[in-house]
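One structure is given here, and the rest of the page talks about it.
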Amino acid sequence: MLRYIIRRLLIGVLILVIVCALTFVFFRVLPTGNPALLRAGRDPQPKLIKEIEGVLGLNKPLIVQFWDYMKAFFLHLNLGYSYYSQESVKALITERLPATLSLTGGAAVLWVLGGLSVGIISALRRHTVVDRLSMGTALLLLSVPEFWLGFVMLLLFANDIGKLKILPGAGSYVGLTYDPWKWFTSLIMPWIVLASGGAAVYARLMRSSLSEMMREDYIRTARAKGLRERLVVRQGVRSAINPIVTLLGLEIGVLLGGAILVETVFNIPGIGVENFKAIQSSDFPVVQGTVLLASAFIIVANIVVDIAYAYLDPRVRYS
Amino acid sequence: MSAAEPLLRVEDLRVEFPSEDGVVHAVDGITYQVFAGRTLGIVGESGSGKTVSSLTALGLTRRQGARISGRILFDGKDLLTLPEDKMRAVRGNDIAMIFQDPLSSLHPLYKVGRQLTEAVRAHRDVSKAVARARAVELLGLVGIPDPARRVDQYPHEFSGGMRQRVMIAMALANEPKLLFADEPTTALDVTVQAQILALMERLQQELGMAIVMITHDLGVVAEMADDIAVMYAGRIVETASAAQLFAAPEHPYTWGLLKSIPRLDAPRDEDLVPIPGTPPSLINPPSGCHFHPRCPYSQPDHERIDPVLEPVPGEPQHHVACLLESGVRRSLWAQLREGSTPQEALAAVGAGEPAA
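Respectively, the protein sequence lines represent chains R and G.
Residue 17 in this note's numbering sits at position 15 of the first sequence, and the numbers go up by one each step.
Residue 960 in this note's numbering sits at position 294 of the second sequence, and the numbers go up by one each step.
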């Protein structure tokens, strides 16, 4: 098991290097504009551009730039400095991470719990009004874009522009340590919006998975033992969850992608917004840093999920 | 047979499942009884209704939308009218069941011990520790070596025979009065089959429970059963004590079953005779005698007349549902027992056959 984890971590580091290299190449190949040119002001002299390129290290061959970056990252965990604010990317990320973690963490909980419970109820009440209503809602939530849903929610419930002024609107986010209650209420809408799509997918998966498991022979055995139906269902749920947990690792990426949009709509000062701004302004170190962080997140989440799977299914053993 | 009340008496049980293609008549009016401490073998091909009738006795076909009629009297109560919570208290407590495939019938993600303790705790208000001790005891009872260690293992760590022992242990958790065993040895190797049957016999003697052994294998019931009911297309076509049934079977379908299993005392070159045709549709069962399309001795009017289960002359405990005349049946079986094919038997007996 330990060997398995170490191997997975080493592969994870390799993937990070590859992601880094791809970001490097994409950024230079795609016509995002020369950062030096963008910084040089109006009608810059070619000499000035050259100078700025020299300061930013852009005049070195790409491979050398890449090597310098990797060295700084792996030896000093240094992610470089923003081309614009000169701020350390590491500091920038550290500052904005809590907001993004609050958003994505809460959404993930809502996503899994909401999706699974709706799926379970649907599976047990198949072809009833409850089932049709939940599956219809799920399909709707799957189909609408997150930013649209976000604006609709704001127009309905925000305390500034909403019809029912019951929840804090855009730009109301505060840190958890500053005011826990305000933190919580300001995140209710963003959580719902970010979780909706994933929860819908999970509800549908859980419905089909549980319906299938409830037809298994061992469920019949459980009933033949005279177990209460609640305990019988629990045995079905226990089996049905396994294939769904595997997907959780992959879904983290979807969640992080959605966070960019939701942070923008609700004006939450998180990494997603920062990444979006950095892409717009060709602020390469910031893009690189946030992409690396997201990749690391997804890689670690997948390793955790795979290890969890071995505990969830005793028949699985890694070697 | 004792004159006492039977432990279980099934009366005119009918179980139908509505389906898209029509109503499936899975069990079509069967009556049988089981006495305490005795074994009834229910024999038939797959789809003859033997499993459905036992699942119904446990109240497990209700939720599948089955239409059920008749009576299932157990200990003086009609199980069919029992509300679900009362029925749940009977399941796994007074009546238990073991199934054909022990691997798929055990939860793959729960330790064996947990699956045993939950069976105990479903009916008894005991602590986890007591239930666990009982689980270890049960594993020992069914002959699993080192039960204190095995109790913490998962089903996939057991062999097929050991898994079926676990299933039996689970069924016995609350010392039921009646055990339905649905093809308990079919998924197992032959040598393991014999061990499991021996185990069941031993436990029956120790615990005094009644067993309903459901199987397609007459060899299995020959060893275990006191009485036998042969089912075909949702009906009982012949019922007798095991001794009577093997000595003087009356129904052509029973003959077919007997001739299609190899016997050690038969000449080595004797061919096994399969029953021609396939089991009938339970949605549109054949008219008249349901067996007539596959019966080598069928007469034209057997397509119209539906036989009833009647006592065999001179054998009050032996019942058969067959339109052939009793004397003809005996002559035919006499020929078949000597190794004749159905055609030869028919030719030899043909002279004495009454006009249809």
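Don't be surprised by glycine CBs; every beta carbon is placed ideally from N, CA and C.
Item to check | Residues in the segment 750-768 of chain G having any Cβ partner in chain R nearer than 8 Å | outcome: Closer than 8 Å at the C-beta level to chain R, one finds these residues of the segment 750-768 of chain G: R754, A755, V756, R757, G758, N759, A762, M763, F765 and D767.
Item to check | 8 Å Cβ cutoff met for P37 of chain R and Y85 of chain R | outcome: The count along the first sequence starts at 1 and reaches residue 37 of chain R at position 35. The count along the first sequence starts at 1 and reaches residue 85 of chain R at position 83. Going by C-beta atoms, P37 of chain R is nearer than 8 Å to Y85 of chain R.
Checklist entry - On the three-state DSSP scale, how would you describe E711 of chain G? => result Residue mapping note: residue 711 of chain G aligns to position 45 of the second sequence, counting from 1. E711 of chain G falls in the coil class under three-state DSSP.
Next on the checklist: Let's test the definition: count the other Cβ atoms within 10 Å of the Cβ of V114 of chain R and tell me whether it reaches 16, buried, or not, exposed.
Outcome noted: Your numbering for residue 114 of chain R matches position 112 in the first sequence. Buried is the label assigned to V114 of chain R, since at least 16 other Cβ atoms lie within 10 Å of its Cβ.
Next on the checklist: Assuming L775 of chain G and P316 of chain R are in contact, meaning their beta carbons sit under 8 Å apart, how far apart are those beta carbons, in whole angstroms?
Outcome noted: As a first step, residue 775 of chain G must be located in the second sequence, where it is residue number 109. As a first step, residue 316 of chain R must be located in the first sequence, where it is residue number 314. Right, the Cβ-Cβ distance comes to about 7 Å (below 8 Å), so this counts as a contact.
Next on the checklist: Short of 7 Å in beta carbon distance, which residues of its chain neighbour E867 of chain G, apart from the five on each side in sequence? Order them along the chain.
Outcome noted: Looking up residue 867 of chain G in the second sequence gives position 201. The beta carbon of E867 of chain G sits closer than 7 Å to those of M890, all from its chain and outside the five residues before and after it, given in chain order.
Checklist entry - Which of the residues in the segment 836-853 of chain G, read from start to end, lie with their CB under 9 Å from any CB of chain R? => result For the segment 836-853 of chain G, the residues whose beta carbon sits under 9 Å from a beta carbon of chain R are, in order, M836, A837, A839, N840 and F846.
Checklist entry - Comparing alpha-carbon positions, which option in G:A839, G:E682, G:S926 and G:R816 lies nearest G885 of chain G? => result Numbered from its first residue, the second sequence carries residue 885 of chain G at position 219. Of G:A839, G:E682, G:S926 and G:R816, the residue nearest in Cα terms is G:S926.
Next on the checklist: Here's a check: name, in chain order, each residue in its chain whose Cβ is nearer than 8 Å to the Cβ of G1016 of chain G, leaving out the five neighbours to either side.
Outcome noted: In the second sequence, the residue the question calls residue 1016 of chain G occupies position 350. Cβ neighbours of G1016 of chain G beyond the five flanking positions: none.
Checklist entry - Does the distance from the CB of G171 of chain R to the CB of G164 of chain R come in under 8 Å? => result In the first sequence, counting from the first residue as 1, residue 171 of chain R sits at position 169. In the first sequence, counting from the first residue as 1, residue 164 of chain R sits at position 162. Judged by beta-carbon spacing, G164 of chain R lies within the 8 Å limit of G171 of chain R, meaning their Cβ atoms are closer than that value.
Checklist entry - Beta-carbon of L775 of chain G versus every beta-carbon of chain R: anything under 8 Å? => result As a first step, residue 775 of chain G is located in the second sequence; it is residue number 109 there, counting from the start. Under the 8 Å criterion on CB atoms, L775 of chain G is classed as interfacial with respect to chain R.
Checklist entry - Once you ignore the five residues that flank V689 of chain G on each side, which residues in its own chain have a CB closer than 6 Å to its CB? => result In the second sequence, residue 689 of chain G corresponds to position 23, counting from 1. The beta carbon of V689 of chain G lies closer than 6 Å to those of E682 in the same chain, with the five residues before and after it left out.
Checklist entry - Are the segment 695-711 of chain G and the segment 754-774 of chain G touching by the rule of at least three beta carbon pairs closer than 8 Å? => result Output reads no: the segment 754-774 of chain G does not touch the segment 695-711 of chain G.
Item to check | Candidates G:A847, G:S770 and G:L807, of which the one nearest H822 of chain G by Cα | outcome: Residue 822 of chain G sits at position 156 when you count from the first residue of the second sequence. The closest CA to that of H822 of chain G, considering only G:A847, G:S770 and G:L807, is found on G:S770.
Item to check | Per-residue contacts from H789 of chain G into chain R (C-beta, under 7 Å) | outcome: Sequence index remark: in the second sequence, residue 789 of chain G carries index 123 (1-based). By Cβ distance, chain R contributes G228.
Checklist entry - Short check: CB of I738 of chain G to CB of A755 of chain G, under 8 Å? => result Here residue 738 of chain G refers to the residue found at position 72 when the second sequence is read from its first residue. Here residue 755 of chain G refers to the residue found at position 89 when the second sequence is read from its first residue. It is not a contact, given that the beta carbons lie outside the stated cut-off.
Checklist entry - What's the gap between the Cα of E1019 of chain G and the Cα of L948 of chain G? => result Along the second sequence, one-based indexing puts residue 1019 of chain G at 353. Along the second sequence, one-based indexing puts residue 948 of chain G at 282. In this predicted model, E1019 of chain G has a pLDDT of only 48, less than 50, meaning its place in the structure is not dependable; the value taken from the coordinates is given anyway. Pairing E1019 of chain G with L948 of chain G, the inter-Cα distance amounts to about 31 Å.
Checklist entry - Under the DSSP definition of a beta bridge, which residues are partnered with I221 of chain R? => result The residue labelled residue 221 of chain R in the question sits at position 219 within the first sequence. Partner(s): none; I221 of chain R has no beta bridge.
Checklist entry - Residues of chain R with a CB under 7 Å from the CB of A732 of chain G: which are they? => result In the second sequence, the residue the question calls residue 732 of chain G occupies position 66. Within 7 Å Cβ-Cβ: nothing; A732 of chain G doesn't reach chain R, min ~14 Å.
Next on the checklist: For E677 of chain G, report the span of its beta strand (DSSP E) as first-last.
Outcome noted: As a working mapping, residue 677 of chain G is identified with position 11 in the second sequence. In this chain, the beta strand (DSSP E) harbouring E677 of chain G covers L674 to S685.
Next on the checklist: Taking the alpha carbon of D219 of chain R as the reference point, which residue from R:G238, R:L77, R:W185 and R:A109 has its own alpha carbon closest?
Outcome noted: Your numbering for residue 219 of chain R matches position 217 in the first sequence. Nearest neighbour of D219 of chain R by Cα position, chosen from R:G238, R:L77, R:W185 and R:A109, turns out to be R:G238.
Item to check | Through-space distance from F286 of chain R to V27 of chain R, alpha-carbon basis | outcome: Numbered from its first residue, the first sequence carries residue 27 of chain R at position 25. Numbered from its first residue, the first sequence carries residue 286 of chain R at position 284. The straight-line gap separating the alpha-carbon atoms of V27 of chain R and F286 of chain R is approximately 11 Å.
Checklist entry - Which one of G:E686, G:A801, G:P959 and G:A837 has the shortest CA to CA distance from G943 of chain G? => result By 1-based counting over the second sequence, the position of residue 943 of chain G is 277. Residue G:P959 is the option with its Cα nearest to G943 of chain G.
Item to check | Ranges of the alpha helix (DSSP H) found wholly within the segment 89-160 of chain R, counting only runs of at least 4 | outcome: Complete alpha helix (DSSP H) runs here, min 4: 91-126, 131-145 and 148-159.
Next on the checklist: How far does the beta strand (DSSP E) with T881 of chain G in it extend, from its first residue to its last?
Outcome noted: Sequence index remark: in the second sequence, residue 881 of chain G carries index 215 (1-based). From DSSP, the beta strand (DSSP E) with T881 of chain G extends over A876 to T881.
Checklist entry - Closer than 8 Å, CB to CB, is L1036 of chain G near chain R or not? => result No statement about residue 1036 of chain G is possible, as the shown extent of chain G runs from 667 to 1022 and does not include it.
Next on the checklist: Going by beta-carbon coordinates alone, are V289 of chain R and I281 of chain R separated by less than 8 Å?
Outcome noted: Here residue 289 of chain R is taken as the residue at index 287 of the first sequence, counted from 1. Here residue 281 of chain R is taken as the residue at index 279 of the first sequence, counted from 1. Cβ distance < 8 Å, so V289 of chain R and I281 of chain R count as in contact.
Next on the checklist: In the DSSP output, what is S735 of chain G paired with across the bridge?
Outcome noted: Reading the second sequence from its first residue, position 69 is the one you call residue 735 of chain G. S735 of chain G is bridged by DSSP to G:R680.
Checklist entry - Any Cβ of chain R within less than 8 Å of the Cβ of L686 of chain G? => result Position 20 of the second sequence, counted from the start, is the residue given in the question as residue 686 of chain G. Per the sequence shown, the amino acid found at residue 686 of chain G is Glu instead of Leu. Interface with chain R (8 Å Cβ-Cβ cutoff): E686 of chain G is excluded.
Checklist entry - Name the DSSP beta bridge partners of V83 of chain R, please? => result As a working note, residue 83 of chain R is residue 81 in the first sequence. The displayed chain sequence assigns Tyr, not Val, to residue 83 of chain R. According to DSSP, Y83 of chain R bridges with R:S90.
Checklist entry - Given that A876 of chain G touches chain R, what residues does it touch there, using C-beta distances under 8 Å? => result If you number the second sequence from 1, residue 876 of chain G lands on position 210. When 8 Å is used as the limit between beta carbons, A876 of chain G is near no residue of chain R, the shortest such separation being about 17 Å.
Item to check | Distance between I273 of chain R and L58 of chain R (C-alpha atoms, nearest Å) | outcome: As a working mapping, residue 58 of chain R is identified with position 56 in the first sequence. As a working mapping, residue 273 of chain R is identified with position 271 in the first sequence. The straight-line gap from Cα to Cα measures roughly 23 Å.
Item to check | Outcome for A1021 of chain G when other beta-carbon atoms lying within 10 angstroms are tallied against a minimum of 16 | outcome: For this step, residue 1021 of chain G is matched to residue 355 along the second sequence. With a pLDDT of only 43 at A1021 of chain G, under 50, the local geometry of the prediction cannot be trusted, and no value is derived from it.
Next on the checklist: Can you tell me which residues form a DSSP beta bridge with Q699 of chain G?
Outcome noted: Here the question's residue 699 of chain G lines up with position 33 in the second sequence. Answer is G:R675.
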